[in-house]
Amino acid sequence: VNYFIDYFPPVTISPKMTRQQILTLIAMASINVSSMICYSILGPFFPQEAAKRGVDQAVIGLIFGCYAMCSLIGSLILGKYIVQIGAKFMITAGLFVSGGCTVAFGFLDRVREVEVFIALCFVVRSVNAVGFAAAVTSSSAVSAKVFPDNIATVMGFMEIFTGIGLILGPPLGGWMYQAFGYEILFIVLGCVLLLTVPLTMWILPSFDVVASQDSFLRLCSQVKIIIICFVIFTLSSGIGFLDATLSLFAKEKFSLSTGSVGLLMIGLSIPYGAASPIFGIISDKYPVSNIVFTYANGGTFPNIDLRLFECMFTADFAFLFFSQLWLTVIMLVVIGFSLCMTCIPTFTEMLICAHENDFEEGLSTLGLVSGLFSAVWAAGYVLNGLGFEAFSRSP
Numbered sequence: 001v002n003y004f005i006d007y008f009p010p011v012t013i014s015p016k017m018t019r020q021q022i023l024t025l026i027a028m029a030s031i032n033v034s035s036m037i038c039y040s041i042l043g044p045f046f047p048q049e050a051a052k053r054g055v056d057q058a059v060i061g062l063i064f065g066c067y068a069m070c071s072l073i074g075s076l077i078l079g080k081y082i083v084q085i086g087a088k089f090m091i092t093a094g095l096f097v098s099g100g101c102t103v104a105f106g107f108l109d110r111v112r113e114v115e116v117f118i119a120l121c122f123v124v125r126s127v128n129a130v131g132f133a134a135a136v137t138s139s140s141a142v143s144a145k146v147f148p149d150n151i152a153t154v155m156g157f158m159e160i161f162t163g164i165g166l167i168l169g170p171p172l173g174g175w176m177y178q179a180f181g182y183e184i185l186f187i188v189l190g191c192v193l194l195l196t197v198p199l200t201m202w203i204l205p206s207f208d209v210v211a212s213q214d215s216f217l218r219l220c221s222q223v224k225i226i227i228i229c230f231v232i233f234t235l236s237s238g239i240g241f242l243d244a245t246l247s248l249f250a251k252e253k254f255s256l257s258t259g260s261v262g263l264l265m266i267g268l269s270i271p272y273g274a275a276s277p278i279f280g281i282i283s284d285k286y287p288v289s290n291i292v293f294t295y296a297n298g299g300t301f302p303n304i305d306l307r308l309f310e311c312m313f314t315a316d317f318a319f320l321f322f323s324q325l326w327l328t329v330i331m332l333v334v335i336g337f338s339l340c341m342t343c344i345p346t347f348t349e350m351l352i353c354a355h356e357n358d359f360e361e362g363l364s365t366l367g368l369v370s371g372l373f374s375a376v377w378a379a380g381y382v383l384n385g386l387g388f389e390a391f392s393r394s395p
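Structure representation (C-alpha cells):
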C-alpha cells in the first residue's frame, strides 16, 4: 500500500471555483435531478398498468429494454460527434426531446387497442432514450471539460443529484399516479424537464474546439478500457434487472401499495447519492484508490450483492432466502453503497487511460469516453428484458 501511495501521490484539489464553474454545476445538477425523476417514475406502476391492458410481461420487459438499447446506440453516435454537433446544443436538444416524449407518454393512456399501445410505447420510449443519451453524454463531457483537475469529485457531486432524482422519482411517481392518475403525472414531470432547457441555454458556455481523428475502435482496443467496461456492464446488468421486477416482487410478496413500492426503491438511491461525493473526493485526492475501488471491488463485492439479490427473485434459490421486507431493504442499501464505490472512479480511469495512449486532451476525447461509458452502462440494461422474462416464468 505504501508503494502505491508513493507512486501515486495525493492530488491537491483547489477549493475555489469560478463563477462559470458554479453556474455549470447548477445546470448539471438540474439536468441530473429532472432527468432521473422522469426516468425512474415508471417502476412503481407501469408494469401493473400495462398488465391491466393485457400486455405480456415479457413485452413489458422489452419496453424497458428498448430504452437501454436506443440509449446505447445514441451514446456511441452522439459521443463521437459531440464536437461537430456542439456540446451545448446537444444538451438542450436532448432535454427538449426527452421532456416532449415524457409528456407524450402520458397521452398513451387514451389508446385503447393493445397493439397500438405497445407500438407507441416502443416508439416514444426509444426517442426519449436518444434525447436522454444526448443530455447525459454531453453533460458528463462538459463537466469534465469545465473541471479538468477534479473530475471524480465533480462526478461524485453530480451523483448526489442523480441519487436525489432516483429517490424522488419512484415515490413521487407512485403518489402522483394514485392521486392524479396516469396522464397528469407524465404531463407535469415532462413540463418540469422542459423548464430546464432555457436554464441550460442561458448558463452553459459554448466551446470552440476542433474535432480529432480518434475513434471508439482505438479506444476500445486498450485492455484497461475493456476491463473497466466489463465492470460497468456487470453492475448495470444487475441494476437493470431490478427496474422492471422489484415492483412486482414487492407487491406479490409483501402486498405493498404503489406508493410504498416507490418508498422501497429509494433504499438503493439514498446510500448511492450520499456516498458518491465521498468516493469522488477520495478518487481525485488519491488516484490509487481508483484501482482499488474499480478492479478489486468491482470484480467482487457489488457483483456478489447483485447476484445474491437476483437469487431472491427466483424459485430455484428460495430455500436459501426467506422473502422478508427487512432483508430486501438491507440488500438495496448495500447494493447502493457498493455501486457508487465502483462507478465513481470508472469515468476518470477511462479518461486517464485514453490520455496515456496519446488521445488528445479536449472535448472530442471527453465525448468518446463519455459516450462509451453511457453506452456500456446502457448495454447492461438491455438484459432487463431477459431478466423480466425469466422472472415472469418463475412460479
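Sequential numbering of the sequence shown, starting at 1, is according to full-length UniProt numbering. Idealized CB from N, CA, C, for every residue including glycine. Everything numeric in this text was worked out from a predicted model, so none of it was measured.
Along the segment 110-195, the alpha helix (DSSP H) occurs as fully enclosed runs of 4 or more residues at 114-146, 151-180, listed in sequence order.
Counting the other Cβ atoms within 10 Å of the Cβ of VAL116 gives fewer than 16, which makes it exposed. ILE31 is the residue among SER138, ALA354, ILE31 whose C-alpha sits nearest the C-alpha of GLY163. Where LEU95 is concerned, the enclosing alpha helix (DSSP H) starts and stops at 87-106. For a cut-off of 8 Å, the C-beta gap from THR328 to LEU189 is around 27 Å, too long to register as a contact. Residue range 325-356 is occupied by the alpha helix (DSSP H) that includes ILE330. Bounds of the alpha helix (DSSP H) holding PHE64 are 57-80.
In the pairwise beta carbon analysis, the segment 34-51 is classified as not touching the segment 216-236: fewer than three pairs are separated by under 8 Å. Contact between GLY371 and VAL83 is ruled out by a C-beta separation of about 12 Å, above the 8 Å threshold. Close CB contacts of CYS66 within its chain, under the 6 Å cut and outside five residues either way in sequence, are with PHE122, ARG125, SER126 (chain order). Cβ-Cβ distances below 7 Å link VAL111 to PHE117, LEU120 in the same chain, with the five nearest sequence neighbours on each side left out; the list follows chain order. Three or more beta-carbon pairs separated by less than 8 Å are not found between the segment 135-147 and the segment 256-273, which leaves the two stretches without contact.
The beta carbons of ILE352 and ALA152 sit no closer together than 8 Å. Distances from the CA of THR342 to each of VAL231, MET265, MET350 were compared; the closest alpha carbon is that of VAL231. Counting along the chain, LEU204 sits inside no alpha helix (DSSP H), nor does DSSP assign it H or E at all. If you draw a 10 Å sphere on the C-beta of LYS80, you find 16 or more other C-beta atoms in it, and that means buried. If you draw a straight line from the Cα of PHE105 to the Cα of LEU185, it is about 10 Å long.
Counting C-beta atoms within 10 angstroms of its own C-beta, LYS16 has fewer than 16 neighbours from the protein chains shown and is therefore classed as exposed.
Within a 10 Å sphere around the beta-carbon of GLY181 sit fewer than 16 other beta-carbons, which makes this residue exposed.
The beta carbon of THR196 lies closer than 7 Å to those of SER30, ILE31, SER34, LEU95 in the same chain, with the five residues before and after it left out. The beta carbons of PRO205 and GLN20 sit closer together than 8 Å. For GLU49, the enclosing alpha helix (DSSP H) stretches over residues 46-52.
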